[in-house]
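These protein sequences, in sequence, are chains S and C.
Just so you know, we're using the numbering used here here: the first sequence kicks off at 13 and counts up by one.
Just so you know, we're using the numbering used here here: the second sequence kicks off at 65 and counts up by one.
Below is one structure, written out as structure tokens; the observations come after it.
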Amino acid sequence: MSKDITEQELEKLVAYLDGEVSEQEAIEVEQALSNDESTRERVDGLERAWEMLDRLPISKASEEFTDKTLSSIRTVQLEAQAADDQQPSGFGMTKKTRAQLRKAAISAGWIVGLACSIFLGYLITNQWVPDESDPLIRELSFIENLDTYSEVQSLEFLEELTKSGTFDETAQQ
Amino acid sequence: MNSPYLRDPDVQLMLRAKAGDEGAFTDLVAAYQDRIVGIFCHLLGNQEAAEDLAQEVFLRIYRSRDKYEPKAKFSTWLFRIANNLASNSRRNKGRRREVALNPQDSGPLGMRPEEQLLMEKSGMMPSRQIGLKETQAVVRQALETLNERQQMAVLLHKFEGMSYADIGAAMKLSEAAVKSLLSRARENLRVQLEKHING
Numbered sequence: 013m014s015k016d017i018t019e020q021e022l023e024k025l026v027a028y029l030d031g032e033v034s035e036q037e038a039i040e041v042e043q044a045l046s047n048d049e050s051t052r053e054r055v056d057g058l059e060r061a062w063e064m065l066d067r068l069p070i071s072k073a074s075e076e077f078t079d080k081t082l083s084s085i086r087t088v089q090l091e092a093q094a095a096d097d098q099q100p101s102g103f104g105m106t107k108k109t110r111a112q113l114r115k116a117a118i119s120a121g122w123i124v125g126l127a128c129s130i131f132l133g134y135l136i137t138n139q140w141v142p143d144e145s146d147p148l149i150r151e152l153s154f155i156e157n158l159d160t161y162s163e164v165q166s167l168e169f170l171e172e173l174t175k176s177g178t179f180d181e182t183a184q185q
Numbered sequence: 065m066n067s068p069y070l071r072d073p074d075v076q077l078m079l080r081a082k083a084g085d086e087g088a089f090t091d092l093v094a095a096y097q098d099r100i101v102g103i104f105c106h107l108l109g110n111q112e113a114a115e116d117l118a119q120e121v122f123l124r125i126y127r128s129r130d131k132y133e134p135k136a137k138f139s140t141w142l143f144r145i146a147n148n149l150a151s152n153s154r155r156n157k158g159r160r161r162e163v164a165l166n167p168q169d170s171g172p173l174g175m176r177p178e179e180q181l182l183m184e185k186s187g188m189m190p191s192r193q194i195g196l197k198e199t200q201a202v203v204r205q206a207l208e209t210l211n212e213r214q215q216m217a218v219l220l221h222k223f224e225g226m227s228y229a230d231i232g233a234a235m236k237l238s239e240a241a242v243k244s245l246l247s248r249a250r251e252n253l254r255v256q257l258e259k260h261i262n263g
């Protein structure tokens with residue numbers, strides 16, 4: 013008949029059987045085993061009860077388990093993918109719609125960028141390359157009065173007319 | 065990544081599965097399916113329920129593969145998931161109080177004592193099988209007297225050969241708690257099986 017032992021002693025005995033004790037604890041248990049018949053009986057009982065668990069039948073997975081598991085994983089995968097596509101995100105849009113909008117926004121960005129580049133190019137070209145008609149526009153009033161100016165003999169003659177006030181009288185009339 | 069668990073070949077398989085290698089995941093299922101189903105059979109006493117739960121374990125692992133980081137041995141992580149699922153399943157089962165009374169539903173662990181008695185009385189059981197079946201029924205009954213955590217610790221230690229530290233990691237317990245749990249469990253088993261041991 014085994015004597016009553018404390019919980020700590022029991023833990024030490026079981027840990028000894030499981031190989032989970034320190035060297036010092038192992039020595040203590042082994043000393044108790046060699047000196048105490050009831051400890052030997054207790055350890056023997058613990059060991060034999062543990063060995064009886066080996067009589068339990070060992071069950072294995074059925075032959076179709078792997079296929080069933082992998083196919084259920086594939087189903088979950090597809091469902092998750094479908095849910096991902098259908099699930100509304102920001103502003104009540106589906107992911108698909110969002111992706112389409114994103115593509116459209118990128119395309120629009122490219123178009124705007126291209127237009128800006130063209131406009132900028134035009135401005136730069138316009139500023140740097142001189143236009144042949146610019147001098148004509150600048151001198152338009154001169155060209156229009158060229159016939160009148162041709163009748164003037166010399167610059168001194170015009171200065172004499174200015175001094176005499178002829179132009180002022182003409183302007184007053 | 066510098067994890068001490070990278071040397072675990074199953075961790076390597078899981079990392080390959082994370083990277084999208086479906087074959088690696090299949091290898092993991094093949095490597096662990098019998099072990100998981102075996103443990104669940106002992107816990108639930110029903111092959112079909114055990115396989116359903118085992119399937120759920122692999123599904124959970126698959127779902128969390130993207131976030132997987134090797135912070136423990138792969139087996140420890142897997143048995144932690146198994147332990148959680150088993151606890152939840154038994155909690156739900158407890159609520160429903162489902163009892164299978166059909167003798168054909170005895171499960172893989174052999175007949176229950178009342179079924180066995182019925183079979184013996186009706187002379188349906190071959191005499192050579194009685195000894196083994198009786199022992200199995202007795203051991204199973206003894207196992208069922210343990211609480212949920214004791215059962216899991218016993219099964220992981222006995223059939224998976226897991227150390228106290230690994231059992232602690234799988235069951236979220238300290239090593240001291242595992243030591244206490246297992247010592248009580250083994251003492252309970254000894255008391256339950258005492259007369260069969262001496263007999």
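Cβ coordinates follow ideal geometry from the N, Cα and C atoms, glycine included.
Starting from C/V75, trace the alpha helix (DSSP H) both ways and give me its first and last residue.
As a working note, residue 75 of chain C is residue 11 in the second sequence. Taken as a continuous stretch (DSSP letters only), the alpha helix (DSSP H) holding C/V75 covers 73-82.
Taking the runs of the beta strand (DSSP E) that are 3 residues or longer, which of them lie wholly in the stretch 53-134 of chain S?
none
If you draw a straight line from the C-alpha of S/T178 to the C-alpha of S/N157, how long is it?
Locating residue 178 of chain S in the first sequence gives position 166, where the first residue counts as 1. Locating residue 157 of chain S in the first sequence gives position 145, where the first residue counts as 1. Straight-line Cα distance between these residues: approximately 18 angstroms.
Leaving out the 5 sequence neighbours to the left and right, which residues in its chain are closer than 7 angstroms to S/E59 when beta-carbon positions are compared?
Taking the first sequence and counting its residues from 1, the one referred to as residue 59 of chain S is at position 47. L29, listed in sequence order.
Helix, strand or coil for S/N138? Go by DSSP, reduced to three states.
Position 126 of the first sequence, counted from the start, is the residue given in the question as residue 138 of chain S. Helix.
Using a Cβ cut-off of 7 angstroms, which residues of the stretch 42-55 of chain S contact any Cβ in chain C, in chain order?
none
So with Cβ pairs under 9 angstroms, would you call S/D30 a contact of chain C?
By one-based count along the first sequence, residue 30 of chain S stands at place 18. When Cβ-Cβ separations below 9 angstroms define contact, S/D30 makes contact with chain C.
From what residue to what residue does the alpha helix (DSSP H) around C/G87 run?
Numbered from 1 along the second sequence, position 23 holds the residue referred to as residue 87 of chain C. It spans 86-108 - the alpha helix (DSSP H) in which C/G87 sits, taken as one unbroken run.
Who are the near neighbours of C/H221 in its chain, counting only those whose CB is closer than 7 angstroms to its CB and skipping five residues on each side?
Stepping through the second sequence from its first residue, residue 221 of chain C is reached at position 157. Cβ neighbours of C/H221 beyond the five flanking positions: I231, L246.
With 9 angstroms set as the bound, which would you pick, yes or no: does the beta-carbon of C/T140 sit closer than that to a beta-carbon of chain A?
Structure shown: chain A not included; protein chains present are S and C.
Pick out whichever of C/L142, C/K137, C/D72 has its Cα sitting closest to the Cα of C/Q97.
For this step, residue 97 of chain C is matched to residue 33 along the second sequence. Minimum Cα distance to C/Q97 is reached at C/L142.
Counting only Cβ-Cβ distances shorter than 8 angstroms, please list the residues of the stretch 116-129 of chain C near chain S, keeping chain order.
Residues are counted here when their Cβ sits less than 8 angstroms from a Cβ of chain S; for the stretch 116-129 of chain C these are A118, Q119, F122, L123, Y126, R127, given in chain order.
At a CB-CB cut-off below 8 angstroms, which residues of chain S make contact with C/K60?
Absent from the structure is residue 60 of chain C, since the part of chain C shown begins at 65 and ends at 263.
Tell me, please, whether the CB atom of S/E19 is closer than 9 angstroms to any CB atom in chain C?
Position 7 of the first sequence, counting from 1, holds the residue named residue 19 of chain S. Yes, S/E19 counts as interfacial toward chain C.
Excluding sequence positions up to five away, which residues of its chain have a Cβ less than 7 angstroms from the Cβ of C/A249?
For this step, residue 249 of chain C is matched to residue 185 along the second sequence. Taken in chain order, the residues that qualify are L210, Q214, A217, V218.
With a threshold of 16 other CB atoms inside 10 Å of the CB of C/C105, please say whether the residue is buried or exposed.
Mapped onto the second sequence, residue 105 of chain C falls at position 41. The residue is buried, with at least 16 neighbouring Cβ atoms inside 10 Å.
Assign S/K24 to one of two classes, buried (16 or more other C-beta atoms within 10 Å of its C-beta) or exposed (fewer than that).
The residue you call residue 24 of chain S lines up with position 12 of the first sequence. By the neighbour-count rule (16 or more Cβ atoms within 10 Å), S/K24 is buried.
Whole angstroms are fine: how far does the CA of S/D96 sit from the CA of S/A111?
Against the first sequence, residue 111 of chain S aligns to sequence position 99. Against the first sequence, residue 96 of chain S aligns to sequence position 84. Those two C-alpha atoms are separated by around 12 angstroms.
Would a check of beta-carbon distances place S/L68 closer than 9 angstroms to chain C?
Position 56 of the first sequence, counted from the start, is the residue given in the question as residue 68 of chain S. Yes, contact with chain C.
Using the beta-carbon count (16 or more within 10 Å), is S/P142 buried or exposed?
Locating residue 142 of chain S in the first sequence gives position 130, where the first residue counts as 1. That one is exposed.
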